[in-house]
Every structure is written in C-alpha cells, then in structure tokens.
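Here is the structure we will look at.
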Amino acid sequence: ETGVTQSPTHLIKTRGQQVTLRCSSQSGHNTVSWYQQALGQGPQFIFQYYREEENGRGNFPPRFSGLQFPNYSSELNVNALELDDSALYLCASSPSTGSTQYFGPGTRLTVL
Amino acid sequence: QQQVKQSPQSLIVQKGGIPIINCAYENTAFDYFPWYQQFPGKGPALLIAIRPDVSEKKEGRFTISFNKSAKQFSLHIMDSQPGDSATYFCAARITGGYQKVTFGTGTKLQVIP
Numbered sequence: 278e279t280g281v282t283q284s285p286t287h288l289i290k291t292r293g294q295q296v297t298l299r300c301s302s303q304s305g306h307n308t309v310s311w312y313q314q315a316l317g318q319g320p321q322f323i324f325q326y327y328r329e330e331e332n333g334r335g336n337f338p339p340r341f342s343g344l345q346f347p348n349y350s351s352e353l354n355v356n357a358l359e360l361d362d363s364a365l366y367l368c369a370s371s372p373s374t375g376s377t378q379y380f381g382p383g384t385r386l387t388v389l
Numbered sequence: 034q035q036q037v038k039q040s041p042q043s044l045i046v047q048k049g050g051i052p053i054i055n056c057a058y059e060n061t062a063f064d065y066f067p068w069y070q071q072f073p074g075k076g077p078a079l080l081i082a083i084r085p086d087v088s089e090k091k092e093g094r095f096t097i098s099f100n101k102s103a104k105q106f107s108l109h110i111m112d113s114q115p116g117d118s119a120t121y122f123c124a125a126r127i128t129g130g131y132q133k134v135t136f137g138t139g140t141k142l143q144v145i146p
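Chains as they are written, first to last, in this note's numbering: chain A, 278 to 389; chain B, 34 to 146.
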C-alpha cells in the first residue's frame, strides 16, 4: 500500500504567477484535504474534496481552487500568487470524510 | 481566530525525561482531539487521539490527558528518547460533515542525550 505522495517537492514562483500542486491519495481513499503550513505555524485547512466535489472550505480566498479526479488524485491551484502564499502545502487523504487523515510530505512553495 | 492554543512553543528535555505539551480549545463542538508528530521535511503523522468522553489514553510511551470541563488536554511522552525530537501539534475536529482539522501552533521538542 503506497502512502500519500505530492509533487513537486519544491517550487519557486514570482508574485502574480499561477501554480498547480498535485497529490496522489493513498490507495482506497476517496477524500482529500489541502492545508497550508506557514513557517513555524500549524497547518491551516484550505478545503476538502470528496468524490470529486468540494465539500468544505476554510478561510482562503477564491484564488485558491482545487480539483479531484476520478482516481481520487487532486490538484491545488493558486492564482495571482502573493508573497504570503510562501508555505508548505500539505495534502491529506482519508478513507471517508470523517476518518483519520494521512498526510503527504508536502510541497514547499516560495513566492519571490 | 485561533481555536486551539498550544504551549510551550519549544521544549528541551534530557533523555528519559517526561515532556508535557498543553493545549486548550474554545469550541465545545469539537469531539475528536488528535496529536500529530512532524519531522523536518515530512508531513504530520497521527500519533494518538482521544475523544472527550475519556479522561486519559495511553499508547506506548505517549499519554493524552483530557479535562473536558476545563477544555484542556495534554500530551505526555514517557521515557523520552532523542528520536522523539520533532514538532508536535495538537488538533481538534468536529465529527460529521466535512473533516476540517484545526491545529495548534506546534511545540518543537528537543530530547538531548
């Protein structure tokens, strides 16, 4: 059984650009959540996808959007990047919406 | 609005010591309280979790104590080892609906030999 994987590992973008981060869920998991972890802080919930639909969202602006695919992999898209978007972006999958989440290693995004 | 407060921010103990990390929450709707361990360059990993109808839970060297009336809970690590050096996050979640986990700010633990 493979765990949650994320790509890329690191990414550097400039302010105003757009970025797409990818996540492959653990086998058998149909729910994916995305979190933003700023340096020295705890992860902050961005949104959750269940069976290809967004079913919950945290306090993030609409320029943060996502997709979940039929194989339950997921993408996080961020438009009009700002300096404060620099963070570790974590993906977590779970077998269902209310069960334990398993985190991937994250993508480190730096916005210059 | 920070709904889960965690302290201390950092902690240094000697090998064999018992580090204690404390958390407090505000939202009484929270009904599941997990602790996560995060090593540098890795995502958080679930360590142990408790529900508010239980006052204490032990798994190996890790123990959670829970005080529902005070809205506080804590993690104790018995016989701490250098390999326990990591950042620990308490968290809280409301069961049902979508799963939003609210994390504390983290405690960086260093266990010195």
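Glycine included, each C-beta is placed from N, C-alpha and C at the ideal position.
Asked, Found
"C-alpha gap between A/Leu389 and B/Phe72, whole angstroms", "26 Å"
"Check whether A/Ser342 and A/Asn332 have beta carbons under 9 Å apart", "no"
"Assigned secondary structure, B/Pro67 (DSSP; H/G/I helix, E/B strand, else coil)", "strand"
"Listed by chain order, chain A residues near B/Thr140 by CB distance under 8 Å", "Here the premise fails: no neighbours, minimum Cβ distance about 10 Å."
"Expected contact under 8 Å - CB spacing of A/Thr308 and A/Ser370 to nearest Å", "6 Å"
"Min CB distance B/Pro85 to chain A below 9 Å", "no"
"Stretch-stretch touch, CB-based, cutoff 8 Å, three pairs: the stretch 295–313 of chain A with the stretch 62–70 of chain B", "no"
"Within 8 Å of chain B by C-beta, residues of the stretch 324–344 of chain A in sequence order", "Gln325, Tyr327, Asn332, Gly333 and Gly335"
"Same chain, Cβ closer than 8 Å to B/Gln34, neighbours up to 5 away in sequence not counted", "Reliability of the predicted coordinates at B/Gln34 is poor, the pLDDT of 49 falling under 50, and the value obtained from them is presented with this limitation in mind. Correct list: empty, nothing qualifies."
"Exposure of A/Asp362, with buried meaning 16 or more beta-carbon neighbours within 10 Å", "buried"
"Assigned exposure category for A/Ile323 - 16 Cβ within 10 Å defines buried", "buried"
"Own chain partners of B/Asn55 with C-beta closer than 6 Å, once the 5 adjacent residues on each side are dropped", "Ser40 and Ser107"
"Sub-9 Å separation of B/Leu44 and B/Lys133 beta-carbons", "no"
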